Amino acid sequence: MGRMFGTDGVRGIANSELTAELAYNLGRAGAYVLTEGAHKPKILVGMDTRISGDMLESALVAGILSVGAEAVCLGVVPTPAVAYLTRKYGADAGVVISASHNPVEYNGIKFFNSQGYKLSDELEDRIQAVIENGFQGVPLPTGADLGRKIVEEAALEHYIEFVKSTVDINFKGMKVALDCANGASYKAAVETFRSLGAEVVVINNDPDGVNINKNCGSTHPEELMEYVVKKGCDLGLAFDGDADRCLAVDEKGNLVHGDFMIAICGKYLKEQGKLDNNAVVVTVMSNLGLDIALSKEGIKSIKTKVGDRYVLEEMVKEGYKLGGEQSGHIIFLEHNTTGDGLLTALQLTAIVKKSEKKLSELASMMKELPQVLVNAKVPNDKKDIHETDEEIANEIKNIEEKLHGVGRVLIRPSGTEPLVRVMLEGEDQAEIDEMANSLAKLIEEKANR
252 MGRMFGTDGV RGIANSELTA ELAYNLGRAG AYVLTEGAHK PKILVGMDTR ISGDMLESAL
312 VAGILSVGAE AVCLGVVPTP AVAYLTRKYG ADAGVVISAS HNPVEYNGIK FFNSQGYKLS
372 DELEDRIQAV IENGFQGVPL PTGADLGRKI VEEAALEHYI EFVKSTVDIN FKGMKVALDC
432 ANGASYKAAV ETFRSLGAEV VVINNDPDGV NINKNCGSTH PEELMEYVVK KGCDLGLAFD
492 GDADRCLAVD EKGNLVHGDF MIAICGKYLK EQGKLDNNAV VVTVMSNLGL DIALSKEGIK
552 SIKTKVGDRY VLEEMVKEGY KLGGEQSGHI IFLEHNTTGD GLLTALQLTA IVKKSEKKLS
612 ELASMMKELP QVLVNAKVPN DKKDIHETDE EIANEIKNIE EKLHGVGRVL IRPSGTEPLV
672 RVMLEGEDQA EIDEMANSLA KLIEEKANR
């Protein structure tokens, strides 16, 4: 059997790949591995608004209860709420049933440890091993030793109190548009912004179990971009299905993606003396314009592989406070242990209010360089040809020289398909288009000889 866990938990089409049986097994094995030694273990369970959530929650909770652990059901809450509440409630672990920004037919199961961090590969592998070994040695208690299910009615309220406590200003006089993606933020975001005094207008906050992420939210911000202008808002904020991401829209209807948001927040935190090591953590896919903008402010950008788990690992290891991705998955480690869309939305809105500047003006600190991405089909055993072939290596060097330091070449082998991704950034879109296509062609030709 291949590895069950991907970069963000176990994911698949609900009731086909991610079955009720698999959810039960994950609940049982996860509860056993994550609570060894705990007297009467307690595990939190939260979910987004997808129709398959009820089925998977029932099965997952049954698995948790079968090993004698207590399951505390939080209902529909953002993913970062589970990370936070696991710590607040002193639970042994937390589980989220969500497939984030994916379409409705998908769902996923993701674990947090008692500190609210995603699990290490080693722990995930142990959970998988317990399932594959037929639950050898896993207890099957009876009578009074079985686990109980508890419903925590105040979970969302406790999370809202927490995110509000991370800003020290109200939003009176501001008009804010929210796109809740018909997902987990549909109550939390609206309630939070209203209680902080903002005038709130909202779209896509009427989930029916099937409309999550459907042409809305952070993966489809086009409707919000029009809506902000139509309603005369100061800014708009778009969340994804489980609300661990947030993208912004300025008052003119322009998208302000994660790179811009990191630049704005990084600059503000540095001015406040709150940016540890004067550094932010981003991935190799963040726009070169972000590096240029940050270096002008005297801020270093530390690069990691693509994936929020790698950003978080680097932040925890070196004590950095701010990191994230272009997708709007931004981590404020001082406040929470995972990307938190609502927290990010509040931090950005507070900066707009305190600076007394328009969001478009704040975002103008960064100029986004044109980017082009071309796929080159290569056999799986030739994915490193750009490093081993002299002609390709020389061509990459030539391109970098032509870009005069204001641009770059990035080659990324795909983890799942027989191809490498050729990404170029530079000042001239037509020039980098041509360069990227000819480089991809050269790689393809040489790899398939």
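Using this note's numbering, the letters of the sequence shown map in sequence onto residues 252 to 700.
Glycine is no exception: its CB is placed at the ideal position from the N, C-alpha and C atoms.
All values reported here derive from a predicted model rather than from experimental measurement.
Thinking just about the alpha-carbon of each residue, which of G666, Y410 and F256 is nearest to the one in I378? It is F256 whose Cα lies nearest to the Cα of I378.
For the 8 Å Cβ check, are there 3 or more pairs between the segment 279-296 and the segment 306-319? Yes: at least three Cβ pairs fall under 8 Å.
Taking 6 Å as the cut-off, is the C-beta of E321 nearer than that to any heavy atom in the ligand NAP? The ligand NAP is not among the ligands present in this structure, which contains no ligands whatsoever.
Measuring CA to CA, which of L273, I553 and G326 is closest to G297? It is G326.
Buried or exposed, going by whether 16 or more other CB atoms sit within 10 Å of the CB of D491? By the neighbour-count criterion, in which 16 or more other beta carbons inside 10 Å mark a residue as buried, D491 falls on the buried side.
Measure the alpha-carbon distance for T337 versus G677 and round it to whole angstroms. Near 44 Å, if we compare the C-alpha coordinates of G677 and T337.
Please say whether L563 and I582 have beta carbons closer to each other than 7 Å? At a Cβ-Cβ threshold of 7 Å, I582 and L563 count as neighbours.
Please name the residue or residues paired with G574 in a DSSP beta bridge. V532 and I582, per the DSSP bridge assignment.
Return the residue from the list A310, K628, K518 and G281 that minimises the CA-CA distance to N266. When only C-alpha atoms are compared, the closest one is A310.
So, using beta-carbon positions, are Q577 and D632 closer together than 7 Å? When the beta-carbon positions are compared, Q577 and D632 stay at least 7 Å from each other.
Rounded to whole angstroms, how far is the Cβ of L429 from the Cβ of V441, which I believe are closer than 8 Å? Contact flag correct, Cβ pair sits at about 6 Å.
Could you tell me which of S351, V567, K291 and R399 sits nearest to A322, measuring between CA atoms? Closest option to A322, Cα to Cα, is R399.
When R560, N538 and Y478 are compared against S552, the one with the closest alpha-carbon: Distance from the Cα of S552 is smallest, within the candidate group R560, N538 and Y478, for N538.
V673 versus V623 - alpha carbon distance: Cα to Cα, the separation comes out at about 8 Å.
Residue from G666, Y437, G385 and V402 whose Cα sits closest to the Cα of V312: The residue among G666, Y437, G385 and V402 with its C-alpha nearest the C-alpha of V312 is V402.
Strand pairing of S702, partner residues [DSSP]: The structure shown has nothing for residue 702, since the chain only spans 252 to 700.
Work out the CA separation of A274 and R388 for me, nearest whole Å. First, the amino acid is wrong: residue 388 is Gly here, not Arg. Approximately 20 Å between the Cα atoms of the pair.
Identify whether V418 lies in helix, strand or coil by the three-state DSSP scheme. In the three-state reduction of the DSSP assignment, V418 falls in the coil class.
Rounded distance between the beta-carbons of R445 and V451, thought under 8 Å: 5 Å between Cβ atoms; contact.
With DSSP as the reference, label M298 as helix, strand or coil. DSSP places M298 within a strand segment (E or B) once states are collapsed to three.
Just how far apart, CA to CA, sit E682 and K503? Roughly 29 Å separates the two Cα atoms.
Quick one, which of G579, E638 and R254 has its alpha-carbon nearest D372's? For D372, the nearest C-alpha among the options comes from R254.
Can you list, in chain order, the residues of its chain whose CB lies under 6 Å from that of V657, leaving out five sequence neighbours each side? Excluding five sequence positions before and after V657, the CB atoms of its chain that fall closer than 6 Å to its own CB belong to E678, given in chain order.
Starting from R659, follow its DSSP beta bridges and name the residues at the other end. Per DSSP, the beta bridge partners of R659 are E676.
At which residues does the alpha helix (DSSP H) containing Q379 begin and terminate? That run of the alpha helix (DSSP H) goes D372 to E383.
Among I515, E585, I662 and T595, which residue has its Cα nearest to the Cα of S436? Nearest option by C-alpha distance: T595.
From E651, E685, K634 and E641, residue whose alpha carbon lies closest to that of E695: It is K634 whose Cα lies nearest to the Cα of E695.
What did DSSP end up calling L486 once you bin it into helix, strand or coil? L486 sits in a strand when the DSSP states are folded into three classes.
So what's L599 in DSSP terms, helix, strand or just coil? L599: helix per DSSP, three-state reduction.
Of the residues I543, N276, L295 and G424, which one's Cα is nearest the Cα of C484? The candidate whose alpha carbon is nearest that of C484 is G424.
Burial state of S303 (16 or more Cβ within 10 Å): Its Cβ being crowded by 16 or more others within 10 Å, S303 is buried.
If you run the structure through DSSP and keep just helix, strand and coil, what is K426? In this structure, K426 counts as strand in the three-state DSSP scheme.
What is the DSSP secondary structure of E450, counted as helix, strand or coil? Here E450 sits in strand by DSSP.
Give me the Cβ distance between V347 and K361, rounded to the nearest whole Å; I'm assuming they're in contact under 8 Å. That belief holds up - the Cβ atoms of V347 and K361 are roughly 5 Å apart, short of 8 Å.
Considering A499, what are the terminal residues of the beta strand (DSSP E) in which it resides? Element bounds for A499: C497 to V500.
Grab me the residues of M566's own chain with a C-beta within less than 7 Å of its C-beta, minus the 5 sequence neighbours each way, in chain order. The answer, listed in chain order, is V532, G574, I582 and L584.
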